[in-house]
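Engineer: Sharing a structure with you now.
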Amino acid sequence: MLKIENLHAGVEDKSILKGINLEVKAGEVHAIMGPNGSGKSTLSSVIAGKEEYEVSEGSIIFEGEDIEELEADERAHKGIFLSFQYPVEIPGVSVTNFIKTAINETRKAKGLEEMPAKDMLKLIREKSDLLEIDRKFLSRSLNEGFSGGEKKRNEIFQMAMLEPKLAILDETDSGLDIDALRIVANGVNKLKSKNNAVIVITHYQRLLDYIVPDYVHVLHDGKIVKSGSKELAHELEEKGYDWIKEEVGV
Ligand SMILES: Nc1ncnc2c1ncn2[C@@H]1O[C@H](COP(=O)(O)OP(=O)(O)OP(=O)(O)O)[C@@H](O)[C@H]1O
Ligand SMILES: [Mg+2]
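For the sequence shown, UniProt numbering puts the final residue at 250, and the numbers step up evenly by one.
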């Protein structure tokens, strides 16, 4: 589904990603861990096509297509979804209207008609039930006055509605209480299928008890310095990152 080869990227003259290789197949869950500033959010932004980052070397192949030249919205239409570590507020636009627009934009890009209102309502009902989201919440302005947990829940709701092929969740666990963490993780697990894939970025092993990864990668200074099974996350929780640095000599 996603194949990243020797990816170098950065901003202006600062290089951040220094040769990332990563392959994610359909049906897989990959976790990316690593110290603050190692490039995790940059990697997700580069995959999603955020303009502020410049790719200087390497390639990102999504479903067999080099997506380098595609804009962020075109990538979203192809099924790449990125949750944000710091979500934006849009006053006056409700959660529901935002998602309706996003869905219809994607359909338009595929040459489809707008989703009939009846179907949209049904979908909203189904997904908000799945994620145990209060209907009242759906009529609030996007992210305005949302608590940290509400922002995260809203992102997962967007993901559930859009049904992306590749979902990248950047620190979805930060700010969630235990119940919300469970609900969000359950949502992600229920949406998982053999046709889609998830990349979870997290600092804590805790989330990975709920969303069990097939692979765990450790990013350090713009490179994946170690990959392993979910046990690697346990090891990191116990020992921190220093032993890896020693082991790989960085
Ligand atoms: N737009 C930008 N302009 C300047 N520097 C940037 C920009 N984006 C990222 N960086 C720098 O690149 C490095 C990697 O940042 P990034 O946000 O990818 O780290 P991270 O691994 O997600 O960290 P955290 O765990 O704290 O979220 C940091 O030193 C950061 O300051
Ligand atoms: Mg980050």
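By construction, the Cβ of each residue, glycine as well, lies at the ideal position given by its N, Cα and C atoms.
Identify the residues that DSSP records as bridge partners of Y215: which are they?
Structural biologist: The count along the sequence shown starts at 1 and reaches residue 215 at position 215. Paired residues: H30.
Engineer: Let me know the secondary structure DSSP gives residue 297 once reduced to three states.
Structural biologist: The chain is shown only over 1 to 250; residue 297 falls outside these bounds and no answer can be derived.
Engineer: On the premise that Y210 lies in contact with E28, defined as a C-beta separation below 8 Å, what is that separation, rounded to the nearest angstrom?
Structural biologist: Here residue 28 refers to the residue found at position 28 of the sequence shown. Here residue 210 refers to the residue found at position 210 of the sequence shown. With 8 Å as the limit, E28 and Y210 do not qualify as a contact, their Cβ atoms being about 17 Å apart.
Engineer: Below 8 Å on the Cβ atoms is my contact criterion, and I expect M159 with I99 to pass it. Report the Cβ-Cβ distance as a whole number of Å.
Structural biologist: Locating residue 159 in the sequence shown gives position 159, where the first residue counts as 1. Locating residue 99 in the sequence shown gives position 99, where the first residue counts as 1. Wrong, their Cβ atoms sit about 10 Å apart, outside the cutoff.
Engineer: So, helix, strand or coil for V188, using DSSP?
Structural biologist: Here residue 188 corresponds to residue number 188 of the sequence shown, with the count starting at 1. If DSSP states are grouped into helix, strand and coil, V188 belongs with the helices.
Engineer: By how many angstroms is the C-alpha of H220 removed from the C-alpha of E54?
Structural biologist: For this step, residue 54 is matched to residue 54 along the sequence shown. For this step, residue 220 is matched to residue 220 along the sequence shown. Computed Cα separation, rounded: 19 Å.
Engineer: Might you give, ordered along the chain, the residues of its own chain that have their beta carbon closer than 6 Å to the beta carbon of D170, omitting 5 neighbours on each side?
Structural biologist: In the sequence shown, the residue the question calls residue 170 occupies position 170. The beta carbon of D170 sits closer than 6 Å to those of S41, S44, S83, Q85 and I201, all from its chain and outside the five residues before and after it, given in chain order.
Engineer: Leaving out five residues before and five after R135 in sequence, what residues of the same chain have Cβ atoms less than 7 Å from its Cβ?
Structural biologist: Along the sequence shown, one-based indexing puts residue 135 at 135. Cβ within range, chain order: S128.
Engineer: Return the CA-CA distance between S38 and V250, expressed in angstroms with no decimal places.
Structural biologist: Locating residue 38 in the sequence shown gives position 38, counting from the first residue. Locating residue 250 in the sequence shown gives position 250, counting from the first residue. Each residue's alpha carbon lies about 13 Å from the other.
Engineer: On the CB-based measure, 16 or more other CB atoms within 10 Å of its CB, does R125 come out buried or exposed?
Structural biologist: In the sequence shown, the residue the question calls residue 125 occupies position 125. R125 is exposed by the Cβ-count criterion.
Engineer: D73 lies in the alpha helix (DSSP H); which residues open and close that run?
Structural biologist: As a working note, residue 73 is residue 73 in the sequence shown. Counting along the chain, the alpha helix (DSSP H) containing D73 begins and ends at A72 to H77.
Engineer: Within the present structure, is the beta-carbon of V187 separated from the nearest heavy atom of ligand 1 by less than 8 Å?
Structural biologist: As a working note, residue 187 is residue 187 in the sequence shown. Position check: residue 187 holds Gly in this sequence, whereas Val was assumed. Not under cutoff, so the answer is no.
Engineer: Hey, would you say the C-beta of E155 is under 8 Å away from at least one heavy atom of ligand 2?
Structural biologist: One-based indexing of the sequence shown puts residue 155 at position 155. It does not: the Cβ of E155 is nowhere closer than 8 Å to a heavy atom of ligand 2.
Engineer: If you check the beta carbons only, do K78 and E65 fall under 9 Å apart?
Structural biologist: Within the sequence shown, numbered from 1, the residue matching residue 78 stands at position 78. Within the sequence shown, numbered from 1, the residue matching residue 65 stands at position 65. Going by C-beta atoms, K78 is nearer than 9 Å to E65.
Engineer: What does a CB cutoff of less than 6 Å around L138 pick up in its chain, not counting 5 residues either side in sequence?
Structural biologist: Residue numbering aside, residue 138 sits at position 138 when the sequence shown is read from its first letter. Here the set comprises V95 and T96.
Engineer: Does the distance between the C-beta of G39 and the nearest non-hydrogen atom of ligand 1 fall short of 8 Å?
Structural biologist: The residue given as residue 39 occupies position 39 in the sequence shown. G39 has its CB nearer than 8 Å to a heavy atom of ligand 1.
Engineer: Check each candidate in G34, S59, V46 and E12 and name the one with the smallest Cα separation from N21.
Structural biologist: As a working note, residue 21 is residue 21 in the sequence shown. Nearest of G34, S59, V46 and E12 to N21, Cα basis: S59.
Engineer: Let's see if you can read the secondary structure: which residues bound the beta strand (DSSP E) around K226?
Structural biologist: Here residue 226 is taken as the residue at index 226 of the sequence shown, counted from 1. DSSP places K226 in the uninterrupted beta strand (DSSP E) bounded by K223 to G228.
Engineer: Report the option in I32, L123, S15 and S141 whose CA atom is closest to the CA atom of L208.
Structural biologist: Looking up residue 208 in the sequence shown gives position 208. Here the closest residue by C-alpha is I32.
Engineer: Apply the 10 Å Cβ neighbour rule to T106 and answer buried if 16 or more other Cβ atoms are within range, or exposed otherwise.
Structural biologist: Against the sequence shown, residue 106 aligns to sequence position 106. Within a 10 Å sphere around the beta-carbon of T106 sit 16 or more other beta-carbons, which makes this residue buried.
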